[in-house]
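Student: Pasting a structure here, questions to come.
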Amino acid sequence: MAYEKTDHMKYEAVIGLEVHAQMLTETKIFCRCSTQFGSEPNTQTCPVCIGMPGVLPVLNKKTLEFTIKTGLAMNCAISSYSRFARKNYFYPDLPKGYQISQYELPVCEQGYIEIVVSGDTKKIGITRIHMEEDAGKNIHEAAPSKAGGGNYSFVDLNRAGVPLMEIVSEPDMRSPEEAVEYMKKLRAILIYLGVCDGNMEQGSLRCDANVSVRPAGQNELGVKTEIKNLNSFKFVEKALEYEIERQKGILEKSGKIIQETRLWNTERGITESMRTKEEAHDYRYFPEPDLVPIMAEQQWVDEIKKSLPELPDTKRERFVSEYRLPEYDAALMTSEKSLADWFEEAVRLGGQPKAVSNWIMGDLMRFLKEENKSIEECPLEPGQLVDMIRLIDEGTISGKIAKTVFEVMYKTGKDSGSIVKEKGLLQISDTGEIEKIVDDVIAKNSREVARYKAGEEKLFGFFVGHVMKLTKGKANPQMVNELLKKKLS
Ligand SMILES: [Zn+2]
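Here our numbering is used: the first residue of the sequence shown is 1, the next is one more, and so on.
Here's what the structure looks like:
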């Protein structure tokens, strides 16, 4: 008789993400200060964004356009009437004492995006997308100083008033993997749209994850915790994995999960309690009296809709139908706009699509990854890859030698043709020359020849290997095979 132990009880995780995306505008959301990253502290500020009394914010129209664009790309309904609200809280990097955000009337609602996990397509609901201003930044320094070795904190308000979109998902994800796929898709769409640079390291895209756990089959949601400020895919995955296990552990011991905000400790690889979770009423939201309500005219929304670029899903489908790429290749080639552009440029220059995709997915990605580079920083031009593929197709170099050529090409930026010449890597397709080497190999390995002839067929590879070794991989493999077969039979 089998027993169902409690520790084998199946739990299900429920995950929803709130993503903050910094909009790629030149100026801030309510004033004309620059949004450039990395300037001297407090040099990009004015009375509006440092919260002086009596100033009046004016909405940057571009931020509304970007938000509507994003909403349309994520299948949202665009509100014809929305407005800003004050979210009241005190913090040194928020001199006004409130953040201008949106509360009950956001610009976009009820959308979705699709993700693919283990071959299955899944819709993840988008609850809302709203606009808000960023806060400033506190910098804590513990260095001793002339003033007396005390601890100092500094406030940099360059970031105050930088436009953000908050994209809130439905609690539709069931695993860290789905959450990561969702984040990746979201980031890709934002970059395709040109509304956010997607730079997670610099904080242009950050994520708060809401997660709870419940016994499988139960409809009611468990108590959730929120993990704040996850700024890489890896941290999203690791923090969620940890937090789900932590909550399961508590439930298995019949403990109680506390609704709270937690932080991911990168060094220790755990989530730690930060504070008990605020409720919306703690913020005393009320309509922002200094800004008029937003009424987006349908005609303008239609124009924005017409201006949408080809998005990742559509591009992926086109790559499959137009270039006959397998689904997997197409998904990877379109995962980033710049990668898709690189691929298409290579194809436009005459590269056979599948060959181009193979080289990108294999050696190119590997080298880029080793150097932690993105495709934008790729030292190779698409045309260089196409030229090299042509050398393989023409039989000038073998596929094996091409790997060497590719590496030299990547590391030196030289063209494949000159690398082949300089290094003497031309494929040997001269029958006489190969025949001489084949004869030599056969003569020097009479014992193996006898064994082969006695039926040990797997030794064939041994002879091929020897010939290739003697020609430094340059012999035309097909010719080597044919000649060996002829001579050994
Ligand atoms: Zn300003």
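Ideal placement from N, C-alpha and C gives every residue a C-beta, glycine not left out.
On a predicted model such as this, the values are computed, not experimentally measured, just so you know.
For the beta strand (DSSP E) that contains L190, what are its first and last residues?
Tutor: Sequence index remark: in the sequence shown, residue 190 carries index 190 (1-based). Counting along the chain, L190 falls outside any beta strand (DSSP E), though it belongs to the alpha helix (DSSP H) covering 176 to 193.
Student: For a quick check, are the C-beta atoms of P163 and H130 less than 8 Å apart?
Tutor: Here residue 163 is taken as the residue at index 163 of the sequence shown, counted from 1. Here residue 130 is taken as the residue at index 130 of the sequence shown, counted from 1. Taking 8 Å as the Cβ cut-off, P163 and H130 do not qualify as a contacting pair.
Student: Using only CA atoms, which one of V386, T271, N265, V438 lies nearest to D415?
Tutor: By 1-based counting over the sequence shown, the position of residue 415 is 415. Considering only alpha carbons, the answer is V386.
Student: Looking at the structure shown, is L157 part of a helix, part of a strand, or coil, going by DSSP?
Tutor: Taking the sequence shown and counting its residues from 1, the one referred to as residue 157 is at position 157. Residue state, collapsed to three classes: coil.
Student: Can you grab the Cα-Cα spacing for the pair S169 / R390, in whole Å?
Tutor: Walking along the sequence shown from the start, residue 169 turns up at place 169. Walking along the sequence shown from the start, residue 390 turns up at place 390. Those two C-alpha atoms are separated by around 47 Å.
Student: Taking 7 Å as the cut-off, is the C-beta of A28 nearer than that to any heavy atom in ligand 1?
Tutor: The residue you call residue 28 lines up with position 28 of the sequence shown. Correcting the residue type first, residue 28 is Lys in the shown sequence and not Ala. Within the cutoff, so yes.
Student: Between the Cα of F235 and those of E220, M200, G222, S254, spot the shortest distance and give me the residue it belongs to.
Tutor: Taking the sequence shown and counting its residues from 1, the one referred to as residue 235 is at position 235. With distances taken between Cα atoms, F235 lies closest to M200.
Student: Between V162 and ligand 1, is the CB less than 7 Å from at least one heavy atom?
Tutor: For the purposes of this step, residue 162 is taken as the residue at position 162 of the sequence shown. Flag unset: Cβ of V162 not near ligand 1.
Student: According to DSSP, is G465 part of a helix, a strand, or is it coil?
Tutor: Along the sequence shown, one-based indexing puts residue 465 at 465. Reduced to three states, the DSSP call for G465 is helix.
Student: Alpha carbon to alpha carbon, what distance is there between S80 and A340?
Tutor: Working through the sequence shown from its first residue, we reach residue 340 at position 340. Working through the sequence shown from its first residue, we reach residue 80 at position 80. Taking the straight line joining both Cα atoms gives about 35 Å.
Student: Identify every run of the beta strand (DSSP E) within the segment 13 to 65, keeping only runs that are complete inside it and at least 3 residues long; order them along the chain.
Tutor: DSSP runs (the beta strand (DSSP E)) wholly in the segment 13 to 65: none.
Student: How many Å lie between K315 and P353 at the Cα?
Tutor: On the sequence shown, position 315 is the one that residue 315 refers to. On the sequence shown, position 353 is the one that residue 353 refers to. Taking the straight line from one Cα to the other gives about 14 Å.
Student: Who are the near neighbours of I115 in its chain, counting only those whose CB is closer than 7 Å to its CB and skipping five residues on each side?
Tutor: For the purposes of this step, residue 115 is identified with residue 115 of the sequence shown, where counting begins at 1. So the list reads K122, I124, E178, E181, Y182, K185, once near-sequence residues are dropped.
Student: If you measure from each residue's Cβ to the nearest non-hydrogen atom of ligand 1, which ones come out under 5 Å, in chain order?
Tutor: Checking every Cβ against the heavy atoms of ligand 1 under 5 Å gives C31, C33, C46, V48, C49.
Student: Hey, how far is the Cα of L483 from the Cα of E448?
Tutor: Within the sequence shown, numbered from 1, the residue matching residue 483 stands at position 483. Within the sequence shown, numbered from 1, the residue matching residue 448 stands at position 448. In a straight line, the C-alpha of L483 is about 17 Å away from that of E448.
Student: For G104 and P289, what's the separation of their Cα atoms in angstroms?
Tutor: For the purposes of this step, residue 104 is identified with residue 104 of the sequence shown, where counting begins at 1. For the purposes of this step, residue 289 is identified with residue 289 of the sequence shown, where counting begins at 1. This sequence places Glu at residue 104; Gly is not what is there. In a straight line, the C-alpha of E104 is about 15 Å away from that of P289.
Student: Would the segment 432 to 452 count as touching the segment 416 to 423 if we require 3 or more Cβ pairs under 8 Å?
Tutor: The answer is no - the segment 416 to 423 does not touch the segment 432 to 452, with fewer than three Cβ pairs under 8 Å.
Student: From the DSSP output, in three-state form, read off A475 for me.
Tutor: The count along the sequence shown starts at 1 and reaches residue 475 at position 475. Looking at A475 - three-state DSSP - the assignment turns out to be strand.
Student: Thinking C-alpha only, which one of V211, E220, F233 is nearest I227?
Tutor: One-based indexing of the sequence shown puts residue 227 at position 227. The shortest Cα separation from I227 among V211, E220, F233 belongs to V211.
Student: Once the 5 residues before and after S153 are set aside, which same chain residues still bring their CB inside 8 Å of it?
Tutor: Taking the sequence shown and counting its residues from 1, the one referred to as residue 153 is at position 153. Cβ neighbours of S153 beyond the five flanking positions: P92, N138, I139, H140, E141.
Student: Output needed for D134: all residues of its chain with C-beta closer than 6 Å, excluding positions within five of it in sequence on either side, in chain order.
Tutor: The residue you call residue 134 lines up with position 134 of the sequence shown. The residues are R159, V162, L164.
Student: Just checking K224 against ligand 3 - is the residue's beta carbon closer than 7 Å to any of the ligand's heavy atoms?
Tutor: You won't find ligand 3 in this model; what it holds is ligand 1.
Student: Assign Q218 to one of three DSSP states: helix, strand, or coil.
Tutor: Here the question's residue 218 lines up with position 218 in the sequence shown. It is coil, neither helix nor strand.
Student: Using beta-carbon positions only, say whether R275 and A13 come within less than 8 Å of one another.
Tutor: Within the sequence shown, the letter at position 275 stands for residue 275. Within the sequence shown, the letter at position 13 stands for residue 13. Cβ distance not < 8 Å, so R275 and A13 don't count as in contact.
Student: May I ask which residues mark the beginning and end of the beta strand (DSSP E) holding M274?
Tutor: Looking up residue 274 in the sequence shown gives position 274. From DSSP, the beta strand (DSSP E) with M274 extends over 270 to 276.
Student: Residue range of the alpha helix (DSSP H) that N358 falls in?
Tutor: Taking the first residue of the sequence shown as position 1, residue 358 is located at position 358. Element bounds for N358: 353 to 359.
Student: Within the continuous beta strand (DSSP E) that includes Q110, where are the two ends?
Tutor: Residue mapping note: residue 110 aligns to position 110 of the sequence shown, counting from 1. From DSSP, the beta strand (DSSP E) with Q110 extends over 108 to 117.
Student: For E518 and T271, which I take to be in contact (beta-carbon distance under 8 Å), what is that distance rounded to the nearest angstrom?
Tutor: The chain is shown only over 1 to 489; residue 518 falls outside these bounds and no answer can be derived.
Student: On the DSSP letters alone, give me the boundaries of the alpha helix (DSSP H) that G491 sits inside.
Tutor: Nothing can be reported for residue 491, as the shown portion of the chain is limited to 1 through 489.
Student: Cβ of L94 within 8 Å of Cβ of K305?
Tutor: Here residue 94 refers to the residue found at position 94 of the sequence shown. Here residue 305 refers to the residue found at position 305 of the sequence shown. Not in contact: L94 and K305 (Cβ atoms no closer than 8 Å).
Student: Is M23 near C196, with beta carbons less than 8 Å apart?
Tutor: Taking the sequence shown and counting its residues from 1, the one referred to as residue 23 is at position 23. Taking the sequence shown and counting its residues from 1, the one referred to as residue 196 is at position 196. A contact, by the Cβ cut-off of 8 Å.
Student: If you run the structure through DSSP and keep just helix, strand and coil, what is K373?
Tutor: Position 373 of the sequence shown holds residue 373. K373 falls in the coil class under three-state DSSP.
Student: Straight-line CA distance for V438 to I397?
Tutor: Here residue 438 corresponds to residue number 438 of the sequence shown, with the count starting at 1. Here residue 397 corresponds to residue number 397 of the sequence shown, with the count starting at 1. The straight-line gap from Cα to Cα measures roughly 20 Å.
Student: Would you tell me roughly how many angstroms separate the C-alpha atoms of C31 and K62, rounded to the nearest one?
Tutor: The residue labelled residue 31 in the question sits at position 31 within the sequence shown. The residue labelled residue 62 in the question sits at position 62 within the sequence shown. Each residue's Cα considered, the two are about 12 Å apart.
Student: Assuming N120 is part of the alpha helix (DSSP H), what are its boundary residues?
Tutor: Numbered from 1 along the sequence shown, position 120 holds the residue referred to as residue 120. A small correction: the amino acid at residue 120 is Asp; Asn does not occupy that position in the sequence shown. It is not in any alpha helix (DSSP H) - D120 instead sits in the beta strand (DSSP E) that spans 120 to 133.
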